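Report on the following structure.
Numbering (UniProt numbering), first residue to last: 1 to 419.
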């Protein structure tokens, strides 16, 4: 077997040689005249030698561990996307997703991680005459601003400190001051802060004033009782790789009728583009063309995750997430640590964020938990970097016993650091 790599030809066949690997454990180039027999065993040995260690307790804020059934689904044979069988299967997954999202419209699956869907929402819904009210209580809320500015006439930012939440009355006041606000954007749960915005109240205000509402529910949907139509969302973006316990790689989007109409009338809304929601609107129907080749294995994984969610029951899933988070919070407070949100009423059931004690490194604390207890948690991001650690409770990691393990690992690490 001959492989072209960096202008050199190398040979792979059936006799392995230890000299094929350099001291760093990476491949080294073996010129054709030197290399003779190489086995596939050597390839697999090299892969195993360089694979990342998977912690026993990966309690991160995303990606999160996938359920075993989801991982098995990824290994199914890859079908050609235009077979009748796959198209019927794809339509059934869309219908199942609509059931889980509790929406009357067929949702959209975009072939990219959820940030793709959030940017696509901005690109499709925001027209050049629109004034956008962007609600900022954390890193991801802030991140929507440049997209809104790219497509709209003006962006008004209503911001609070990143340990706080958006006050619905402030939203009401902003609209009264600027009645030309036509679109409101909000991140429901900003994971770097662990705070949960009052989405139902914000959505009711948007609906009352006729403003369109874009919701980032990436790390909240599936872990609590939040659904697009009950919060008056016009575009509601989430991910299979958080509370649903699947893998990263897809965007799940629910779109209202009036949002579809607005995008269709927006001359600047992407079409024939990877950012186009419109291109996917009718792709769910068996027999219709896909805008691009769907991520077949990811669709299998999503289907398995939806089956698990429906089998457990939504309320049971939400209770499991809430109980896990409560155990984590109580344990952290018992250690004398402080939660990052300024009020406990602001916390999320899908992530617990706490302040790192003065005088110690967030990285050192995280690394001790991993090294000594095989518990991996997340560092802060951007404005919260160096200030907090974050324990995720999403999907398969939302297990009460995992929260107990995290608190035990944290206590031991703090003791070793003499805190």
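For every residue, glycine included, the Cβ atom is placed at its ideal position computed from N, Cα and C. Since the model is a prediction, treat every value here as computed from it, not as a measurement.
#1: Strictly by DSSP, which residues pair up with residue 118?
#2: Measure the C-alpha to C-alpha separation of residue 378 and residue 104 and round it to an integer number of angstroms.
#3: Quick check: is any heavy atom of the ligand HEM less than 7 Å from the C-beta of residue 228?
#4: Quick one: is residue 33 buried, meaning 16 or more other Cβ sit within 10 Å of its Cβ, or exposed?
#5: Ignore the nearest five residues each way along the sequence and tell me which others in residue 241's own chain have a CB closer than 6 Å to its CB.
#6: Touching or not, the segment 154-164 and the segment 298-316, by the rule of three or more beta carbon pairs under 8 Å?
#7: Between which two residues does the alpha helix (DSSP H) carrying residue 402 extend?
#8: Suppose the cutoff is 7 Å on Cβ atoms and the five residues either side in sequence are ignored; what does the same chain contact list for residue 418 look like?
#9: Using only CA atoms, which one of 375, 216, 129 lies nearest to residue 269?
#10: Going by C-alpha to C-alpha distance, which of 163, 97, 56, 159 sits closest to residue 338?
#11: Grouping DSSP H, G and I as helix and E and B as strand, with all else coil, what is residue 30?
#12: Under the assumption that residue 191 contacts residue 324 (Cβ atoms under 8 Å), give the Cβ distance between them as a whole number of angstroms.
#13: Roughly how many angstroms separate the alpha carbons of residue 215 and residue 186, rounded to a whole number?
#14: Work out the CA separation of residue 106 and residue 206 for me, nearest whole Å.
#15: State the DSSP-derived secondary structure class of residue 7, mapped to helix, strand or coil.
#16: Relative to the C-alpha of residue 116, which candidate in 237, 289, 209, 317 has its C-alpha closest?
#17: Does DSSP put residue 355 in a helix, a strand or coil?
#18: Would you list, in sequence order, the uninterrupted alpha helix (DSSP H) runs of no fewer than 4 residues that lie entirely inside the segment 186-218?
#19: Please look up how many angstroms separate the CB atoms of residue 329 and residue 356, rounded, as I've assumed it's under 8 Å.
#20: Can you grab the Cα-Cα spacing for the pair residue 47 / residue 76, in whole Å?
#21: In the DSSP assignment, find the unbroken beta strand (DSSP E) run with residue 285 in it and report its ends.
#22: If you follow the alpha helix (DSSP H) that residue 303 is part of, which residue opens it and which one closes it?
#23: Less than 8 Å between C-beta atoms, sequence neighbours within five positions excluded: which residues of the same chain meet that for residue 282?
#24: Are the segment 195-209 and the segment 166-183 in contact at 8 Å, needing three or more beta carbon pairs?
#25: Can you grab the Cα-Cα spacing for the pair residue 139 / residue 92, in whole Å?
#26: Return the CA-CA distance between residue 271 and residue 381, expressed in angstroms with no decimal places.
#27: Is the Cβ-Cβ distance between residue 392 and residue 351 less than 8 Å?
#28: With a 10 Å radius around its C-beta and 16 neighbouring C-beta atoms as the bar for buried, classify residue 363 as buried or exposed.
#29: May I ask which residues mark the beginning and end of the alpha helix (DSSP H) holding residue 71?
#30: When you compare only the Cα positions, how much space is there between residue 126 and residue 374?
#31: Would residue 188 and residue 220 be called neighbours here (beta carbons separated by less than 8 Å)?
#32: Is the distance from the Cβ of residue 275 to the Cβ of residue 255 below 8 Å?
#33: According to the Cβ coordinates, are residue 82 and residue 284 closer than 8 Å?
#34: By DSSP, does residue 95 sit in helix, in strand, or in coil?
#35: The alpha helix (DSSP H) with residue 336 in it runs from where to where?
#36: So, under 8 Å CB-CB, residue 101 and residue 251 are touching, yes? Tell me the CB distance rounded to an integer number of Å.
Taking the structure as given:
#1: BP columns for residue 118 are empty, so no partner.
#2: Spanning the alpha carbons of residue 378 and residue 104 requires a straight line of approximately 36 Å.
#3: The ligand HEM is not part of the structure shown, which contains no ligands of any sort.
#4: Confidence at residue 33 is low in this model, with a pLDDT of 41, below 50, so its placement is unreliable and no value can be given for it.
#5: 63, 247, 248
#6: no
#7: 400-416
#8: none
#9: 129
#10: 163
#11: Because residue 30 carries a pLDDT of 36, less than 50, the predicted location of this residue cannot be relied on, and no value is offered for it.
#12: Incorrect: roughly 15 Å between the Cβ atoms, too far for contact.
#13: Rounded to whole angstroms, residue 215 to residue 186 spans 5 Å at the Cα level.
#14: So the two alpha carbons sit approximately 23 Å from each other.
#15: Because the pLDDT at residue 7 is just 34, under 50, the model does not fix this residue reliably, and the value given afterwards should be weighed accordingly. Coil.
#16: 237
#17: strand
#18: 199-209
#19: The Cβ separation is near 16 Å, so there is no contact.
#20: Low per-residue confidence applies at residue 47: pLDDT is 49, beneath 50, and the placement is therefore not dependable enough to give any value.
#21: Unbroken run through residue 285: none, as it is neither H nor E.
#22: 296-312
#23: Here the set comprises 288.
#24: yes
#25: 35 Å
#26: 33 Å
#27: yes
#28: exposed
#29: 68-74
#30: 45 Å
#31: yes
#32: no
#33: One thing to note: residue 82 has its Cβ no nearer than 8 Å to the Cβ of residue 284.
#34: helix
#35: Per DSSP, residue 336 belongs to no alpha helix (DSSP H) and is neither H nor E.
#36: So it is not a contact: roughly 13 Å between Cβ atoms.
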